[in-house]
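If you count by numbering that gives the first Met the number 0, then the sequence shown holds residues 0 to 184, one letter each, in order.
Here a beta-carbon is modelled for each residue, glycine too, at the ideal position from N, C-alpha and C.
Keep in mind it's a predicted model, so treat the numbers as computed, not measured.
Since the structure comes first, as structure tokens, the remarks are kept for the end.
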Amino acid sequence: MGFSFTHFPTFKTQRFILRQAVVDDCHDLFELYSDEEVTRYLPLAPFVTIENALDELDWYDTIFKEQTGLRWVIEVKESKKIIGTCGFLNYEHAHNRIEIGYDLMPSYWGKGVMKEALQCIIPFAFETMAIHKIEAKVEPANQASITLLEKLNFFKEGVLRQHEFEKGKYIDLAILSLLRSEYKI
Ligand SMILES: CC(C)(COP(=O)(O)OP(=O)(O)OC[C@H]1O[C@@H](n2cnc3c(N)ncnc32)[C@H](O)[C@@H]1OP(=O)(O)O)[C@@H](O)C(=O)NCCC(=O)NCCS
């Protein structure tokens, strides 16, 4: 059982198409990740060249080929603009555990976009990938991300103290998780 990583799944939600990224998406991804508001709590420096976006696209390809994750771009149905991304990484096959990640252009914040996207990919993880536990690592000051996860029934397990060295300093990471038994569609 489980997901074979032979083809990349595409989903339609009410407002968006979640699909595999293509090279042409590099311009929208550059716009997304060159914004300091977006990268503030991410382990990424703001992008400065289009090469940074192409490297990110390479990473999306790599995690899919290595069967350690999937990253969808979030495309607005009407305009076809890519406004964010979401997906899974660090798939631990032996433990049926995976990590979730996401980001969105600030002009679209607070409109239920990421909730709509995650309500689509979380059932895919539990039902098609046979995942047992989804975890999220979030900087404790990233209230938007923590609230989003809590609204999706994620449970805060605790704080990993000074867990990563990012942007010149050691940072704490809150760890939240959702078990298969706790999720509701
Ligand atoms: C985190 C992020 C993806 C949230 O996306 P979003 O589309 O604005 O979130 P939603 O509108 O779907 O909100 C989901 C819930 O969280 C709440 N929420 C969203 N932003 C909030 C904020 N700043 N403060 C408090 N609550 C917030 C919403 O009210 C909503 O609750 P509801 O379902 O009761 O209405 C977005 O802020 C972002 O891209 N941040 C930068 C990148 C980032 O930090 N990624 C995560 C790294 S761990």
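Residue closest to F4, alpha-carbon to alpha-carbon, out of F63, L28 and M104: When the alpha-carbon of F4 is set against those of F63, L28 and M104, the nearest one is in F63.
Residue interval of the alpha helix (DSSP H) (run including T146): For T146, the enclosing alpha helix (DSSP H) begins and ends at Q142 to K150.
Spatial distance of P8 from L117 (CA atoms): As the crow flies, the alpha-carbon of P8 is around 14 Å from that of L117.
N141 Cβ short of 7 Å to ligand 1 heavy atom set: N141 Cβ: within cutoff of ligand 1.
V169 classed as buried or exposed, judged by whether at least 16 other C-beta atoms fall within 10 angstroms: According to the sequence shown, residue 169 is Tyr rather than Val. It is exposed - the Cβ of Y169 has fewer than 16 other Cβ atoms within 10 Å.
Nearest to T67 (by Cα), restricted to the options E50, P122 and R96: Nearest C-alpha to T67: R96.
Inside the stretch 74-135 only - alpha helix (DSSP H) runs reaching at least 4 residues: Considered as a whole, the stretch 74-135 harbours 112-122 as its complete alpha helix (DSSP H) runs of no fewer than 4 residues, in chain order.
D171 Cβ short of 7 Å to ligand 1 heavy atom set: No.
Local conformation of A44 per DSSP, three classes: Coil.
Closest Cα partner of A135 within the set I16, F10 and F87: Each of I16, F10 and F87 was checked against the Cα of A135, and the nearest Cα belongs to F87.
L175 beta carbon near ligand 1 (any heavy atom closer than 7 Å): L175 Cβ: outside cutoff for every heavy atom of ligand 1.
Buried versus exposed, by CB contacts within 10 Å (16 or more), E126: Exposed, since its Cβ has fewer than 16 Cβ neighbours within 10 Å.
CB-CB length for F153 against S180, believed under 8 Å: For a cut-off of 8 Å, the C-beta gap from F153 to S180 is around 13 Å, too long to register as a contact.
For R179, three-class secondary structure by DSSP: Helix, per DSSP.
Sheet register partners of V137 (DSSP bridge): Per DSSP, A173.
D60 CB to nearest heavy atom of ligand 1 below 7 Å: No heavy atom of ligand 1 is found nearer than 7 Å to the CB of D60.
Other residues of its chain near T12: CB distance less than 8 Å, five sequence neighbours each side excluded: Counting only Cβ-Cβ distances below 8 Å, and skipping sequence neighbours, we find E115, A116, Q118 and C119.
E65 (DSSP reduced to helix, strand or coil): Under the three-state reduction of DSSP output, E65 falls in the coil class, being neither helix nor strand.
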